[in-house]
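A.B. asks: The structure that follows is given in the form of structure tokens.
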Amino acid sequence: MDYLIHILILIGIYVMLSSSLNLVAGYTGMLSIAHAAFYGVGAYTVALMSLNLHTPFLVNLVCAIIICGIFGAVVGIPSLRIKDDYFIIAAFAFQIIAFSVMNNWVSFTKGPMGLPGIPQPNLFGWKISSYPDFLLLTVIMCVVCLLICWRITHSPYGRVLQAIREDETFALSLGKNVAGYKISVFVLGAMLTALPGALYTTYISYIDPSSFTVDESIFIISIMIIGGAGRLWGPVLGAVVLVMLPELLRFVGMPNSIAANMRQIFYGGALVVCMLWRPQGLVGKADVLRK
Amino acid sequence: MNKWLTVEKLSKNFGGVKALDEFSCHFEQGEVVGLIGPNGAGKTTFFNVLGGMLEADSGSAQLNKKKLTSIPAHRIANMGIARTFQKLRLIRQVSVLENVMLSFRNQSGENLVSLVIRWSKVRTQESENYDKALTILKRVGLQEKAGDLADTLSYGQQKLLTLACCIASDADLLLLDEPLAGVSPSMIEIVLEKLRELKNEGKTIVVIEHNLEAIMDDFDRVIFMDSGRKICEGKPDEIRNDPRVIEAYLK
Amino acid sequence: MEQLFLNGILVGLLISLISLSVYPVICLVRFFHFAHAVVIAAGAYFSFLLSRCFGWPMGIAIPLAILLSAGLGCLMEVAVYKPLRKREAKPIVFILASLGLYTVLQNVISLVFGDDTKSIRTGPVREGLNFLGARITPIQIITIVTAIVVVVGLLLFMKYTRLGKAMRTVANDANLARVVGIDSDRVIMWAFAIGSGLAGLAGILMALDTDMTPTMGMRPFMMGIVAMIIGGKDSIIGIVLGALLLAFAQQYGAYYLGSEWQDAIAFAILLIFLLFRPQGFLGKKV
Ligand SMILES: Nc1ncnc2c1ncn2[C@@H]1O[C@H](COP(=O)(O)OP(=O)(O)O)[C@@H](O)[C@H]1O
Ligand SMILES: [Mg+2]
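Residue numbers (numbering that gives the first Met the number 0), protein chains in the order written: chain A, 0 to 290; chain B, 0 to 250; chain C, 0 to 285.
Encoded structure:
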């Protein structure tokens, strides 16, 4: 039972990660390879604050959201004013470098040793400690995250995002400040990663940099693409499928060491196959990625 | 020089090609002006520079004494300029109605902050815009297609939709790049009728067009350009008989 | 201090080599071919396979490993990118496909060879020679010489050979290239072959200096890309200068601020260029 709940919580974390990426990449068409880095920034913020300052969970969460937003602005503002190419590079560089700082700034983050013993959250007197507690917290966070995504995408703002994805020049000619939209949605996407970041940190109660690598970013991208970019439910479906998969591999008796690689080979391959034959993913709009 | 829109000595080079070569002209409010000239004359480039999609190498343009050159394209659009594109541009993966709704300017729901703090205002404005968009679609005869993807429309209908988008923008100056090209004869009549309506509402309209037979008599004035320069301008009849124009079209 | 300077040169040239290896590809295909990072690692592992598992001498193993890397690049082009190009897919599709390729290949390497560090170095670690007050190992000398040869070679190649000129034409204007009868698919294939071969070479040099892991390519690849932005995408000299600037800033920054910041310095430099000189210091203004 606990095992099942564990899987559900993981699914919830990836639903939030890929849904927030979906706002940036699926709806607006800007592929960010830095999503795991923002996730890591959020996670480390919560971990370091609760370990060093002993501040309550909610305060940590709010700070994590703000700090993720600031980093989003630092990456987005210089690069999104110019050309998408530069954005991809800046996001990629941020991903590599954020990992490197987490890994090397030993005096602060303890580097590859990681940070153990992160206290469990306490929300208005509700001490979250058991598996079902965390599941409930996950569900609440997922609902909040999906509501935000839904609200954004079903608003005039979201309509402009899709217009930018389809035809930037046309959006400009309609008087839309394209760079402003790109920057704001990117910052928003970064801020949303603080939710899963905070959840993951307190749930596992230990973090190290290896959870926030490029590979993790690519995994989040795969969830979004394989589920279906540009649709609210696409990332949800993708998260269910891709998180369950390694568990199934384990179930059929594949040793763990091989299963980890096989899982990545599978979703990397699925990404390539999707691009060649089914860009819309499982439930995506037919033409988000087509000409 | 206190015309409504003045353009002075605009130049634009692409590598060695002088797409605009010290091009000057001016427009009065409420005029319908034809911009004609052979392919590659620089007409589309002129629209792109005016709309801020391309930066001019030199020269200036002023709308109502406000400088247009070297400000970002979206701000130019918000100063009351709407345009269509020669290579038709629409958001094809959303509905016809949403294309029109996108074209309204200054929507509070397009701002992330007011989306959060002025929830109810966004809602009422959105439903007003919905009704306005339907009215506009009715006006161009596309009301039955409102819910369809823009991609599913015929080419002529798509051109009408771009016109509907211009109407929705409520701009004073419309720049139309070949609105009749590739449109069936019956549809041409509809487009022309809409143009006349817009003229009667006091809009200033600049039209690039090759199908002069159909549209020439609707122009108040015609500017003929070639190789990035203004060759001549005048009333439609004068232009029709100008030897330079005849020669350019014959060669 | 001399050591710092020497390391700057060494790292700068290595970044140049990687940057120049991806340069022909990016100039022609106009998207960021992330899977290039894994070709760097593949070069190292091919040489490991040939020299350690098969026991072949380095003189055979290294050239063959470079050829295999080139083949790997071509394989990606033929199997994935070319079909996407024929379909006129959006740039984002190419990038997603290249991320997928990266993931697959990187995990194939770690499945076959394991995640632990492998070495192709022979003999004990040498002390290094004394050179103007700094220590330098023979392999570092080889790296420096190789990188210089590659830079000069690539400059001459792009300028004087028919293939190099054809590459420039396709890069500038694919339509024009078609008009003058250049087979752009063939040219792009050559770009993948040359670029991937050089990436393999860079991987081997890195492995000779500091061993190998399956993910060894990603960070240097990122540095190479950043060098390319700093230098201006269209000029080989600019790229080399960009790489040197990056390497020196890192070396000296690490010295004064602590080594945990050396990558953050690279990022700061990237942001500064994006803000103030997005075309790079030798690039043409857009
Ligand atoms: N983006 C561009 N890049 C390079 N050359 C261009 C570009 N746009 C237009 N041109 C060139 O500028 C000239 C004028 O083009 P254009 O304004 O489209 O002419 P028109 O609309 O009058 O047919 C042509 O020679 C064309 O090839
Ligand atoms: Mg034209």
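Just so you know, even glycine gets a beta-carbon here, dropped at the ideal spot from N, CA and C.
#1: Compute the distance between the beta-carbons of Leu19/B and Val48/B, then report whether it is under 8 Å.
#2: Using the C-alpha atoms, what's the distance from Leu110/C back to Val103/C?
#3: For Glu87/C, does the count of other Cβ atoms within 10 angstroms reach 16, so buried, or fall short, so exposed?
#4: Taking C-alpha atoms, which residue in Gln263/A, Arg158/A, Asp207/A and Asp214/A lies nearest to Tyr43/A?
#5: Can you check the stretch 49–88 of chain B for any alpha helix (DSSP H) of at least 4 residues that lies completely inside it and give the ranges in chain order?
#6: In the DSSP assignment, the alpha helix (DSSP H) including Glu212/B goes from what residue to what residue?
#7: Look at the alpha carbon of Ile4/A and the alpha carbon of Tyr26/A, and state the distance between them as a whole number of angstroms.
#8: Gln263/A versus chain B: which residues are under 9 Å apart at the beta carbon?
#9: Check Thr7/B in the structure and name its three-state DSSP category.
#10: What's the call for Pro213/C, buried or exposed, on a 16-neighbour Cβ count within 10 Å?
#11: Hey, does Thr168/A have any beta-carbon neighbour from chain B nearer than 8 Å?
#12: Using a Cβ cut-off of 7 Å, which residues of the stretch 197–222 of chain C contact any Cβ in chain A, in chain order?
#13: Who are the neighbours of Ser183/A on chain B, taking C-beta pairs under 8 Å?
#14: Put Asp176/B into one of helix, strand or coil per three-state DSSP.
#15: Shorter than 7 Å, the distance from the beta carbon of Thr168/C to the closest heavy atom of ligand 2, or not?
#16: I'd like the list of long-range same chain contacts for Val206/B, defined as Cβ closer than 6 Å, with 5 residues on each side in sequence excluded.
#17: Listed from N- to C-terminal order along the chain, which residues in the stretch 179–199 of chain C have their beta-carbon within a distance smaller than 9 Å of any beta-carbon of chain A?
#18: My output table needs one value for Trp104/A: the three-state DSSP class, helix, strand or coil.
#19: So Phe223/B and Val244/B are supposed to be a Cβ contact under 8 Å. How far apart are they, rounded?
#20: Measuring only the C-alpha atoms, how far is Leu187/A from Gly68/A?
#21: With a Cβ-Cβ cutoff of 8 Å, do Val239/A and Ile12/A count as a contact?
#22: Please return the same chain residues whose Cβ sits closer than 8 Å to the Cβ of Met215/C, not counting the five positions on each side in sequence.
#23: Taking Cys24/B as part of the beta strand (DSSP E), name the residues at either end of that continuous run.
#24: At what residues does the beta strand (DSSP E) containing Thr160/C begin and finish?
#25: Between Arg117/B and chain A, is there a C-beta pair that is closer than 8 Å?
#26: DSSP three-state label for Trp125/A, please.
#27: Using the three-state DSSP reduction, which class does Met0/B fall into: helix, strand or coil?
#28: Run down chain C in chain order and give the residues with a C-beta less than 7 Å from the C-beta of Leu104/A.
#29: List, from N- to C-terminal side, the alpha helix (DSSP H) runs of 4 residues or more that fit wholly inside the stretch 156–222 of chain C.
#30: If the cut is a Cβ gap below 8 Å, which residues of chain B does Ser172/A touch?
#31: Look at the alpha carbon of Val31/B and the alpha carbon of Lys198/B, and state the distance between them as a whole number of angstroms.
#32: Residue ranges of each beta strand (DSSP E) run of no fewer than 3 residues wholly in the stretch 182–235 of chain B, ordered along the chain?
#33: Out of Leu60/A, Phe70/A, Tyr38/A and Ala258/A, which has the shortest C-alpha to C-alpha gap to Ser17/A?
#34: List, in order along the chain, the chain A residues whose C-beta lies closer than 7 Å to that of Glu97/B?
#35: Quick one: does Met0/B have its CB under 8 Å from some CB of chain A?
#36: Which same chain residues end up closer than 8 Å to Ile224/C when comparing Cβ atoms and leaving out the 5 residues on each side of it in sequence?
C.D. replies: A quick look at the data gives this:
#1: Numbered from its first residue, the second sequence carries residue 19/B at position 20. Numbered from its first residue, the second sequence carries residue 48/B at position 49. In contact: Leu19/B and Val48/B (Cβ atoms closer than 8 Å).
#2: Taking the third sequence and counting its residues from 1, the one referred to as residue 103/C is at position 104. Taking the third sequence and counting its residues from 1, the one referred to as residue 110/C is at position 111. Whole-angstrom Cα-Cα distance: 10 Å.
#3: In the third sequence, residue 87/C corresponds to position 88, counting from 1. Sixteen is the threshold: since fewer than 16 other Cβ atoms of the shown chains lie within 10 Å of the Cβ of Glu87/C, the residue is exposed.
#4: In the first sequence, the residue the question calls residue 43/A occupies position 44. Taking the Cα of Tyr43/A as reference, the smallest distance to any Cα among Gln263/A, Arg158/A, Asp207/A and Asp214/A is reached at Asp207/A.
#5: You should have 72–77.
#6: As a working mapping, residue 212/B is identified with position 213 in the second sequence. Element bounds for Glu212/B: Leu211 to Ile214.
#7: Taking the first sequence and counting its residues from 1, one reaches residue 4/A at position 5. Taking the first sequence and counting its residues from 1, one reaches residue 26/A at position 27. Going by the C-alpha atoms only, they are around 31 Å apart.
#8: On the first sequence, residue 263/A is found 264 positions in, with the first residue counted as 1. The premise fails here: Gln263/A is roughly 32 Å from chain B at the closest Cβ pair, so nothing lies under 9 Å.
#9: As a working mapping, residue 7/B is identified with position 8 in the second sequence. Reading the sequence as shown, one finds Glu at residue 7/B and not Thr. Glu7/B: strand per DSSP, three-state reduction.
#10: The count along the third sequence starts at 1 and reaches residue 213/C at position 214. By the 10 Å Cβ count, Pro213/C comes out buried.
#11: Reading the first sequence from its first residue, position 169 is the one you call residue 168/A. At least one chain B Cβ lies under 8 Å of Thr168/A.
#12: Answer in chain order: Met217, Arg218 and Met221.
#13: Residue 183/A sits at position 184 when you count from the first residue of the first sequence. The answer, in chain order, is Leu111.
#14: Here residue 176/B corresponds to residue number 177 of the second sequence, with the count starting at 1. Asp176/B: strand per DSSP, three-state reduction.
#15: Within the third sequence, the letter at position 169 stands for residue 168/C. Checking the Cβ of Thr168/C against ligand 2 gives no.
#16: Here residue 206/B refers to the residue found at position 207 of the second sequence. Here the set comprises Gly33 and Leu175.
#17: Listed in chain order, the positions of the stretch 179–199 of chain C with a beta carbon within less than 9 Å of a beta carbon of chain A would be empty, since no residue qualifies.
#18: For this step, residue 104/A is matched to residue 105 along the first sequence. Three-state result, Trp104/A: coil.
#19: Stepping through the second sequence from its first residue, residue 223/B is reached at position 224. Stepping through the second sequence from its first residue, residue 244/B is reached at position 245. About 5 Å separates the beta carbon of Phe223/B from that of Val244/B, a gap short enough to meet the 8 Å contact definition.
#20: Position 188 of the first sequence, counted from the first residue, corresponds to residue 187/A. Position 69 of the first sequence, counted from the first residue, corresponds to residue 68/A. Their Cα atoms are separated by approximately 7 Å.
#21: Numbered from 1 along the first sequence, position 240 holds the residue referred to as residue 239/A. Numbered from 1 along the first sequence, position 13 holds the residue referred to as residue 12/A. Against a cut-off of 8 Å, the Cβ pair of Ile12/A and Val239/A comes out as no contact.
#22: Here residue 215/C refers to the residue found at position 216 of the third sequence. Only Ile39, Ala40, Ala43, Gly202, Met205 and Ala206 meet the Cβ criterion.
#23: In the second sequence, counting from the first residue as 1, residue 24/B sits at position 25. From DSSP, the beta strand (DSSP E) with Cys24/B extends over Val16 to Phe26.
#24: Here residue 160/C refers to the residue found at position 161 of the third sequence. Annotation: Thr160/C is outside any beta strand (DSSP E) and is labelled neither H nor E by DSSP.
#25: Numbered from 1 along the second sequence, position 118 holds the residue referred to as residue 117/B. Closer than 8 Å to the CB of Arg117/B there is not a single CB belonging to chain A.
#26: In the first sequence, residue 125/A corresponds to position 126, counting from 1. Strand.
#27: The residue you call residue 0/B lines up with position 1 of the second sequence. A caution first: Met0/B carries a pLDDT of 49, below 50, which makes its placement in the model unreliable, though a value can still be read off. In the displayed model, Met0/B falls within coil according to three-state DSSP, outside both helix and strand.
#28: In the first sequence, counting from the first residue as 1, residue 104/A sits at position 105. In the sequence as presented, Leu is not what sits at residue 104/A; that position holds Trp. In chain order: Glu259.
#29: List check, alpha helix (DSSP H) in window: 161–171, 173–178 and 183–209.
#30: Within the first sequence, residue 172/A is the residue found at index 173, counting from 1. Those are Gly50, Met52, Ala72, Ala76, Ala81, Arg82, Phe84 and Arg88, listed as they occur along chain B.
#31: For the purposes of this step, residue 31/B is taken as the residue at position 32 of the second sequence. For the purposes of this step, residue 198/B is taken as the residue at position 199 of the second sequence. Distance between the alpha carbons of Val31/B and Lys198/B: 7 Å.
#32: Whole beta strand (DSSP E) segments, 3+ residues: 203–207, 220–225 and 228–233.
#33: Against the first sequence, residue 17/A aligns to sequence position 18. A check of alpha carbon separations from Ser17/A across Leu60/A, Phe70/A, Tyr38/A and Ala258/A identifies Tyr38/A as the nearest.
#34: Your numbering for residue 97/B matches position 98 in the second sequence. Within chain A, the C-beta atoms nearer than 7 Å to that of Glu97/B come from Arg158, in chain order.
#35: As a working mapping, residue 0/B is identified with position 1 in the second sequence. Below a pLDDT of 50, predicted positions are generally treated as unreliable, and Met0/B, at 49, falls in that range; no measurement from the model is reported.
#36: Indexing the third sequence from 1 puts residue 224/C at position 225. Correct list, in chain order: Ser18, Val21 and Phe31.
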